[in-house]
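For reference, the structure is listed below as structure tokens.
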Amino acid sequence: MTSTPLRDLRVGLIGYGLAGSVFHAPLIAATEGLTLDTVVTSNEERQAQARAEFPDVRLAAGPDDLFARAGELDLIVVASPNKTHVPLATRALESGLPVVVDKPVAATAAEARALAALAEKRGLLLSVFQNRRWDNDFLTLRDLVERGGLGDVWRFESRFERWRPQPKGGWRESGDPAEIGGLLYDLGSHVVDQALVLFGPVTQVYAESVVRRAGAEADDDTFLALTHTGGVRSHLYVSSTAAQLGPRFRVLGSRAGYVKYGLDPQEAALRAGARPGSGTGPERGAGPGPGGWGV
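The numbering used here puts the first residue of the sequence shown at 214, with every later residue one more than the last.
Take a look at the structure:
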């Protein structure tokens, strides 16, 4: 008796800006069992970019063209602007397709719960793309915590800081609530998610969210303090106004501490055109002290 080989899952990718072209398309193309079938973007330059990077990909100018071919696809990835995440994920599920949504999945908990309920009702996968769970420094920290290398963790500090005194504009910095912009939704999604992965549910939240720069509309300097059910305190910082950058991670425990400076190199490598599998081994350039592991 012979078995029929399983075909690759055909993926429709909506959006080809930073998220789509840097974080999703290269990973989809490099993953065994997945085929990047269609890219949706109305931008002609991005269409040309997608065609140059993936010559066999189909191009669609809008979601309508994609969903008209729902029967020819197996998975939808939503990597378009934040305000489109819920409508497009809903449409994918209603079309009978599982969906992966870039963070933030929704603007409110109520919207996220409604989306999850729809996926459960349809018996379909709904997943949120939280790529920072796979950063090398975070994986190192998670291993230290889980092995007890730090003892009982008392405080976790996490930062995504930059010095960008002039606003760049665009929907990410828009003050219109409908755009779901601002750093709390953007980088805050990562630091909150990482804290929850490490230390579990939260019983108390304190927040400071400020618009500091002249001409800015959305929050550009935010601090969160989380108290986890196990007693760990997480202090989380996301800022575009940090004239002096703090460590990416600083963790204090009853036996030891962990400090990590600088960002994981994977994003920079992808932006520069490197592709998954082009390098192997531990984080390049890693070592003790600033810019290294700091264990």
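C-beta atoms are modelled at their ideal positions from N, C-alpha and C, and glycine is treated no differently.
For SER234 against PRO317, the beta-carbon gap comes to about 19 Å, at or over 8 Å, which does not count as contact. Within the DSSP secondary-structure output, ARG223 pairs in a beta bridge with THR248. For PRO276, same chain residues with a beta-carbon under 8 Å away, outside a window of 5 residues either side, are ILE227, VAL253, LEU301 and ARG304 in chain order. Sequence-distant partners of GLY470 (beyond 5 residues in either direction) whose C-beta falls short of 8 Å from its own C-beta, in its chain, are LEU363, ARG463 and VAL464. GLY225 and THR248 do not touch by the CB rule: their CB atoms are close to 11 Å apart, not below 8 Å. Shown here, LYS473 sits in a strand according to DSSP, grouped into three states.
Looking only at ARG335, PHE373 and GLU333, the smallest Cα-Cα distance to PHE351 is reached by PHE373. Ranked by how close their Cα comes to the Cα of SER452, the residues GLY395, GLN260, PHE280 and ALA322 have GLY395 in first place. If you keep only unbroken beta strand (DSSP E) runs of at least 3 residues inside the stretch 237 to 302, you get 247 to 253, 271 to 273 and 288 to 291. Remark: C-beta atoms of ALA232 and ALA292 approach each other more closely than 8 Å.
The Cβ-Cβ distance between VAL423 and ASP434 falls below 8 Å. Here VAL472 really is in contact with PRO460; their C-beta atoms are around 5 Å apart, less than 8 Å. Note on geometry: alpha-carbon atoms of THR442 and VAL415 lie some 6 Å from one another. Where ASP315 is concerned, the enclosing beta strand (DSSP E) starts and stops at 312 to 315.
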